[in-house]
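A.B. asks: Please see the structure below; I have some questions.
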Amino acid sequence: MRSKCAMAISSSTSRTQDLVPLLCLLLMAAAAPQHSCASPPLPVTLPGCPDKCGNISIPYPFGTKEGCFKPDFEVLCNDSFHPPRAFIQMAGAKITVDDTYYKTNEDGMPDNDIGSSEWPIELVDVSVSEGKARVLGAFSYDCKMNDTYHAVRRQEIDLGYWMPFSMSDADDVLMGIGSNVVAKQTSGPQCQSYLLYQLSTRKTDDPVNGSCSGQGCCSANLRSGGMAATEVTIQKNTKDDGGFYGDGVSCSYAMIVDKSWYNFSSPDVDSDAFLRRNAAGVPVVVNFSFGVDGCPNASEPTPDDFACVSNYSTCIERPPVLDNVSIPYFCSCSAGYEGNPYIHGGCQDIDECARPHMYPCYGGKCKNTPGDYECSCPAGTKGNAKQAPCTDLFPLPAKISVA
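Under mature numbering (1 follows the signal peptide of the UniProt record, and there is no 0), the residues of the sequence shown are numbered -38 to -1, 1 to 365, in order.
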């Protein structure tokens, strides 16, 4: 039979063991980051307005319902597609396609019309912080269907009058693909792509994958200042030497395209692979802007139609357009804030402490502040904990000496 003392010790040990899980939970809670609560979602559009069309986010100033968009920013959400697709409704915004053919055995190789059509411009995505959107554009091609017959498509992208949309000369380029192609734009430099045919080997030079320097693929900058419309054409191909083409349909291409999208691949040279792979179109980056007089000075009253309505938003001027007469602008949230600057209260403070992968605090104590954050080194250490780990305030020999 156990003594009362042994029973007391056993009972005490049992109670201690029962407390261990609770103590562990308390320690874990104390050590956990203080930012576990999810932040409320940032406002995307006006209250009561749809913020999506299918898989595409539709942030204000764009919108799909009356009262949900600024003038010229209406978007048609066509739900006959699955998922629904978004199209810009700006007056005059369209893609015009002309289909023709010519025969290389005819004198002068005259164009023969097949027909023309107009397409709406499809919206792919929007970045309000950069004042940019991506749309789908068409591309021009010259496809050799047999020894003499060439099917040709010429396309023109028209974003309406220059406001509010224009092509981004920082993001888009004119591009040509083919062994013998000259790509042209309405206003701006052209580019030429070629592969030299070596009679001795009856082979062409090998194109360089990933490079658009003229050997199978070429590129040229757009005219600066933001074009609202441009036609893209291909110079007629008069070289029918079999060395330039493989078997079957062979095509050359020309397009205005987002330069970050396409990585040149040699199988696209003189084949219909690119055409079959991108039948829906190619991405084009467009700027969207407001106003004609630039950002208002701090000493001037804010115009009634000023687009940057959120607190902590910034007005950013674009380069002058229309022969330097007009200066458009777009809006962005100020540093340390994120969201939609075109909505009242749309720019919200960033909690940098909740995003250590983006806003580092190396072993220090992180404190969020409006538009910024503080990161202080622990006691006994020094340094800038935003940039590098803190170091001991006293060197090791000094610590040993004090001890």
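In this text, a Cβ means the ideal position worked out from N, Cα and C, and glycines have one as well.
#1: Do you know whose CA, among Ser296, Gly342 and Pro318, lies nearest valine 90's CA?
#2: Excluding sequence positions up to five away, which residues of its chain have a Cβ less than 7 Å from the Cβ of aspartate 69?
#3: Are tyrosine 215 and serine 102 close, meaning C-beta to C-beta below 8 Å?
#4: Using three-state DSSP, classify leucine 237 as helix, strand or coil.
#5: Taking its Cβ as the centre, do 16 or more other Cβ atoms sit within 10 Å of histidine 112, making it buried, or is it exposed?
#6: Using 10 angstroms around the beta-carbon of valine 114, count the other beta-carbons present and answer buried if the total reaches 16, otherwise exposed.
#7: What runs of the beta strand (DSSP E), each 3 residues or longer, lie entirely inside the region 81 to 110?
#8: Exposed or buried, serine 212, counting other C-beta atoms within 10 Å across all chains shown (16 or more means buried)?
#9: Rounded to whole angstroms, what is the Cα-Cα separation between cysteine 323 and glycine 93?
#10: Does the beta-carbon of valine 287 have 16 or more other beta-carbons within 10 angstroms, so that it is buried, or is it exposed?
#11: Excluding five sequence neighbours on each side, which residues of the same chain lie with their C-beta closer than 7 Å to the C-beta of serine 130?
#12: Considering only DSSP beta bridges, list what valine 247 is partnered with.
#13: Could you please give the first and the last residue of the uninterrupted beta strand (DSSP E) stretch that includes glutamate 36?
#14: Would DSSP call cysteine 179 helix, strand or coil?
#15: I need the straight-line Cα distance from aspartate 220 to alanine 191, nearest angstrom please.
#16: Using only CA atoms, which one of Asn142, Cys174, Phe43 and Cys257 lies nearest to aspartate 232?
#17: Using CA atoms only, rank isn't needed, just tell me which of Arg116, Gly326, Gln349 and Asn330 is closest to glutamate 314.
#18: Look at the alpha carbon of phenylalanine 356 and the alpha carbon of phenylalanine 292, and state the distance between them as a whole number of angstroms.
#19: Between which two residues does the beta strand (DSSP E) carrying lysine 329 extend?
#20: So proline 12 and lysine 27 are supposed to be a Cβ contact under 8 Å. How far apart are they, rounded?
#21: Starting from arginine 47 and walking both ways along the beta strand (DSSP E), at which residues does that stretch end?
#22: Taking only three categories from DSSP, how would you classify serine 228?
#23: Would you kindly work out how many angstroms separate the C-alpha atoms of residue 379 and histidine 319, rounded to a whole number?
#24: Do the CB positions of methionine 217 and methionine 137 come within less than 8 Å of each other?
#25: What are the boundary residues of the beta strand (DSSP E) that tyrosine 156 is part of?
#26: Determine the closest residue to serine 133 out of Arg185, Ala100, Phe43 and Pro169, with distance taken between C-alpha atoms.
#27: Is the Cβ-Cβ distance between glycine 99 and glycine 243 less than 8 Å?
#28: Among the residues of its own chain, which have a CB less than 7 Å from the CB of lysine 344, if the five just before and after it don't count?
#29: Ends of the beta strand (DSSP E) at threonine 264?
#30: How about glycine 176 and serine 149: are their beta carbons less than 8 Å apart?
#31: Which whole-angstrom value is the C-beta distance of tyrosine 22 and leucine 4, which I expect to be below 8 Å?
#32: Put glutamate 28 into one of helix, strand or coil per three-state DSSP.
#33: Can you round the beta-carbon distance between valine 37 and isoleucine 20 to whole angstroms, since I take them to be within the 8 Å contact cut?
#34: So for glutamate 300, helix, strand or coil by DSSP?
#35: Glutamate 118 to glycine 307, Cα distance in whole Å?
#36: Would you mind reading off the limits of the beta strand (DSSP E) that contains alanine 193?
C.D. replies: The short version:
#1: For the purposes of this step, residue 90 is identified with residue 128 of the sequence shown, where counting begins at 1. For the residues Ser296, Gly342 and Pro318, the minimum Cα distance to valine 90 belongs to Ser296.
#2: Within the sequence shown, numbered from 1, the residue matching residue 69 stands at position 107. Setting aside the 5 residues that flank it on each side, aspartate 69 has no residue in the same chain whose C-beta is closer than 7 Å to its C-beta.
#3: For the purposes of this step, residue 215 is identified with residue 253 of the sequence shown, where counting begins at 1. For the purposes of this step, residue 102 is identified with residue 140 of the sequence shown, where counting begins at 1. Cβ distance < 8 Å, so tyrosine 215 and serine 102 count as in contact.
#4: Taking the first residue of the sequence shown as 1, we reach residue 237 at position 275. Of the three classes helix, strand and coil, the one that applies to leucine 237 here is helix, per DSSP.
#5: In the sequence shown, residue 112 corresponds to position 150, counting from 1. By the 10 Å Cβ count, histidine 112 comes out buried.
#6: Numbered from 1 along the sequence shown, position 152 holds the residue referred to as residue 114. Looking at its Cβ environment, which holds 16 or more other Cβ atoms inside 10 Å, valine 114 is buried.
#7: Runs found: 84 to 89, 94 to 99 and 102 to 106.
#8: Mapped onto the sequence shown, residue 212 falls at position 250. With 16 or more other Cβ atoms within 10 Å, it is buried.
#9: For the purposes of this step, residue 323 is identified with residue 361 of the sequence shown, where counting begins at 1. For the purposes of this step, residue 93 is identified with residue 131 of the sequence shown, where counting begins at 1. C-alpha separation (whole angstroms): 31 Å.
#10: Indexing the sequence shown from 1 puts residue 287 at position 325. So valine 287 counts as exposed.
#11: As a working mapping, residue 130 is identified with position 168 in the sequence shown. The residues are Lys94, Val247, Val248 and Asn249.
#12: As a working mapping, residue 247 is identified with position 285 in the sequence shown. Its beta-bridge partners are Arg96.
#13: In the sequence shown, counting from the first residue as 1, residue 36 sits at position 74. From DSSP, glutamate 36 is part of no beta strand (DSSP E); its letter is neither H nor E.
#14: For the purposes of this step, residue 179 is identified with residue 217 of the sequence shown, where counting begins at 1. Assigned with DSSP and collapsed to three states, cysteine 179 falls in strand.
#15: Residue 220 sits at position 258 when you count from the first residue of the sequence shown. Residue 191 sits at position 229 when you count from the first residue of the sequence shown. For aspartate 220 and alanine 191, the gap between their C-alpha atoms comes out near 16 Å.
#16: If you number the sequence shown from 1, residue 232 lands on position 270. Out of Asn142, Cys174, Phe43 and Cys257, the CA that lies nearest to the CA of aspartate 232 is found in Asn142.
#17: Numbered from 1 along the sequence shown, position 352 holds the residue referred to as residue 314. For glutamate 314, the nearest C-alpha among the options comes from Asn330.
#18: To locate residue 356, count along the sequence shown from 1; it is residue 394. To locate residue 292, count along the sequence shown from 1; it is residue 330. Just so you know, the alpha carbons of phenylalanine 356 and phenylalanine 292 end up roughly 51 Å apart.
#19: Locating residue 329 in the sequence shown gives position 367, where the first residue counts as 1. Lysine 329 -> beta strand (DSSP E) spans 327 to 331.
#20: Here residue 12 refers to the residue found at position 50 of the sequence shown. Here residue 27 refers to the residue found at position 65 of the sequence shown. Lysine 27 and proline 12 do touch by the CB rule: their CB atoms are close to 6 Å apart, below 8 Å.
#21: If you number the sequence shown from 1, residue 47 lands on position 85. Here the beta strand (DSSP E) through arginine 47 covers 47 to 50.
#22: For the purposes of this step, residue 228 is taken as residue 266 along the sequence shown, with counting starting at 1. In the structure shown, serine 228 sits in a helix (DSSP, three-state: H, G or I).
#23: Look at the range of the chain in this structure, -38 to 365, and you will see that residue 379 is not part of it.
#24: Indexing the sequence shown from 1 puts residue 217 at position 255. Indexing the sequence shown from 1 puts residue 137 at position 175. The Cβ atoms of methionine 217 and methionine 137 lie closer than 8 Å to each other.
#25: Within the sequence shown, residue 156 is the residue found at index 194, counting from 1. Its beta strand (DSSP E) spans residues 153 to 156.
#26: Counting from one through the sequence shown, the residue named residue 133 turns up at place 171. According to the sequence shown, residue 133 is aspartate rather than serine. When each option's Cα is compared against that of aspartate 133, the closest is Arg185.
#27: On the sequence shown, position 137 is the one that residue 99 refers to. On the sequence shown, position 281 is the one that residue 243 refers to. Yes, these two residues count as a Cβ contact at 8 Å.
#28: Counting from 1 along the sequence shown, the entry for residue 344 is found at position 382. Within its own chain, the residues whose Cβ lies closer than 7 Å to the Cβ of lysine 344, once the five positions on either side in sequence are excluded, are Cys352, Thr353 and Leu355, listed in chain order.
#29: Along the sequence shown, one-based indexing puts residue 264 at 302. DSSP places threonine 264 in no beta strand (DSSP E); its state is neither H nor E.
#30: By one-based count along the sequence shown, residue 176 stands at place 214. By one-based count along the sequence shown, residue 149 stands at place 187. Contact: no.
#31: Within the sequence shown, residue 22 is the residue found at index 60, counting from 1. Within the sequence shown, residue 4 is the residue found at index 42, counting from 1. The Cβ separation is near 12 Å, so there is no contact.
#32: Numbered from 1 along the sequence shown, position 66 holds the residue referred to as residue 28. Glutamate 28 carries a coil assignment under DSSP once its states are collapsed to helix, strand and coil.
#33: Here the question's residue 37 lines up with position 75 in the sequence shown. Here the question's residue 20 lines up with position 58 in the sequence shown. The beta-carbon separation of valine 37 and isoleucine 20, rounded to 6 Å, stays under the 8 Å limit for a contact.
#34: Position 338 of the sequence shown, counting from 1, holds the residue named residue 300. The DSSP-derived three-state label of glutamate 300 is strand.
#35: Here the question's residue 118 lines up with position 156 in the sequence shown. Here the question's residue 307 lines up with position 345 in the sequence shown. Whole-angstrom Cα-Cα distance: 40 Å.
#36: Counting from 1 along the sequence shown, the entry for residue 193 is found at position 231. According to the sequence as given, residue 193 is glutamate; it is not alanine. Unbroken beta strand (DSSP E) run through glutamate 193: 191 to 196.
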